[in-house]
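In the numbering used here, the protein residues as written are 6 to 267. Just below is one structure, and these are the notes that go with it.
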DNA sequence: TCCCAGGCCACAC
DNA sequence: GTGTGGCATGGG
């Protein structure tokens with residue numbers, strides 16, 4: 006299976022590398038991606054997206070090529086900071102990941118960093134193929150996940166009990182009670198795995214950004230509500246634009262180095 | 001050497 | 001209910 010398609014207002018690099026997804030690697034030309042139980046290659050030249058190893062319909066769905074960034078921006082409130090973030094990162098799309106794979110990835114995220122999450126996730130994938138029945142403690146402990154191996158163990162036990170198919174169909178509620186699946190992790194899976202675009206994950210970067218750009222000094226639980234009210238049903242996109250932009254401007258997001266209001 | 005990292009949990013009070 | 005330390009490991 007090999008093919009191509011034309012895209013508009015889409016950036017493959019931003020989309021894969023912005024931190025919503027980790028199971029990619031740069032190949033000779035473009036990226037190799039492992040997602041939703043498939044392995045495929047994809048590359049972009051201009052507006053032309055070339056892929057192999059997977060069918061076109063999958064590419065369109067996985068990369069959310071049905072989304073229109075300008076229309077989404079228009080559904081978010083007027084906001085100079087959002088304008089800046091959108092100008093820089095508005096060509097990324099929120100992926101439609103598999104909820105289970107997405108949960109596994111973000112259970113590896115607490116007190117870690119993106120390069121390490123990526124390494125850890127690849128190890129887990131290579132060792133288990135993301136099959137919960139193969140995620141045994143003895144195996145997980147040897148993968149250098151730190152304390153996070155318990156989180157995968159807890160999730161795997163839960164999913165094994167009811168079967169992966171049934172677990173997926175239960176939706177976000179199925180994450181309740183899994184060790185390590187707190188508010189931030191659940192919001193990430195809602196946003197990236199269940200296509201709930203109202204989800205607004207609050208992490209260290211977003212916390213700093215909201216505090217230093219908008220002057221809101223609240224606890225994470227209130228920040229989440231504040232963002233929900235301000236940004237509404239498409240807040241997830243706002244979150245990801247601000248997240249990517251904040252990271253790229255990291256030296257400006259330190260106390261005393263706040264950029265001038267645009 | 002010390003500090004922090006896409007948090008979360010158990011345990012004070 | 002709210003605040004705090006500890007958690008495994010790696011990198012700056």
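Glycine included, each C-beta is placed from N, C-alpha and C at the ideal position.
{"Item": "Going along the chain, which residues of its own chain have a beta-carbon closer than 6 Å to the beta-carbon of residue 107, five neighbours each way excluded?", "Value": "194, 197 and 198"}
{"Item": "Would you give the residue range spanned by the beta strand (DSSP E) that residue 49 belongs to?", "Value": "43-50"}
{"Item": "Can you list, in chain order, the residues of its chain with a C-beta nearer than 8 Å to that of residue 191? Leave out the 5 residues immediately preceding and following it.", "Value": "177 and 180"}
{"Item": "In the segment 152-204, which residue ranges form an unbroken alpha helix (DSSP H) of at least 4 residues, counting only runs that do not cross its ends?", "Value": "154-167, 169-174 and 188-198"}
{"Item": "With a CB to CB cut of under 8 Å and the five nearest residues on each side skipped, what residues in its chain are close to residue 273?", "Value": "An answer regarding residue 273 cannot be provided, because it is not within the stretch 6 to 267 covered by the chain."}
{"Item": "Quick one: which unbroken alpha helix (DSSP H) runs of 4-plus residues sit fully inside the segment 37-118? Chain order, please.", "Value": "61-67, 74-79, 85-94 and 104-112"}
{"Item": "Going along the chain, which residues of its own chain have a beta-carbon closer than 8 Å to the beta-carbon of residue 99, five neighbours each way excluded?", "Value": "25, 69, 72, 196, 197, 200, 202, 241, 242 and 245"}
{"Item": "Check the C-beta distance from residue 90 over to residue 210 and give it rounded, since I have them as a contact under 8 Å.", "Value": "Contact flag wrong, Cβ pair sits at about 12 Å."}
{"Item": "Spatial neighbours of residue 112 within its chain, please: CB distance less than 7 Å, with the 5 preceding and 5 following residues excluded, ordered by chain position.", "Value": "153, 156, 157, 160, 185, 186 and 190"}
{"Item": "If we call anything under 7 Å between Cβ atoms a contact, is residue 66 one with residue 101?", "Value": "yes"}
{"Item": "Name the one or two DSSP bridge partners that residue 11 has.", "Value": "53"}
{"Item": "On the criterion of 16 or more Cβ atoms from any shown chain inside 10 Å, does residue 11 qualify as buried, or is it exposed?", "Value": "exposed"}
{"Item": "Could you please give the first and the last residue of the uninterrupted alpha helix (DSSP H) stretch that includes residue 30?", "Value": "Taken as a continuous stretch (DSSP letters only), residue 30 belongs to no alpha helix (DSSP H), being part of the beta strand (DSSP E) at 29-31."}
{"Item": "Measure the alpha-carbon distance for residue 234 versus residue 125 and round it to whole angstroms.", "Value": "35 Å"}
{"Item": "Would residue 96 pass as a contact of residue 225 if the rule is Cβ separation under 7 Å?", "Value": "no"}
{"Item": "Using C-beta distances below 7 Å, list every residue in its chain close to residue 59, excluding the 5 sequence neighbours before and after it, in chain order.", "Value": "6, 43 and 45"}
{"Item": "Would you mind working out which of 183, 150, 56 and 175 sits nearest residue 117, comparing C-alpha positions?", "Value": "150"}
{"Item": "Using 10 angstroms around the beta-carbon of residue 217, count the other beta-carbons present and answer buried if the total reaches 16, otherwise exposed.", "Value": "buried"}
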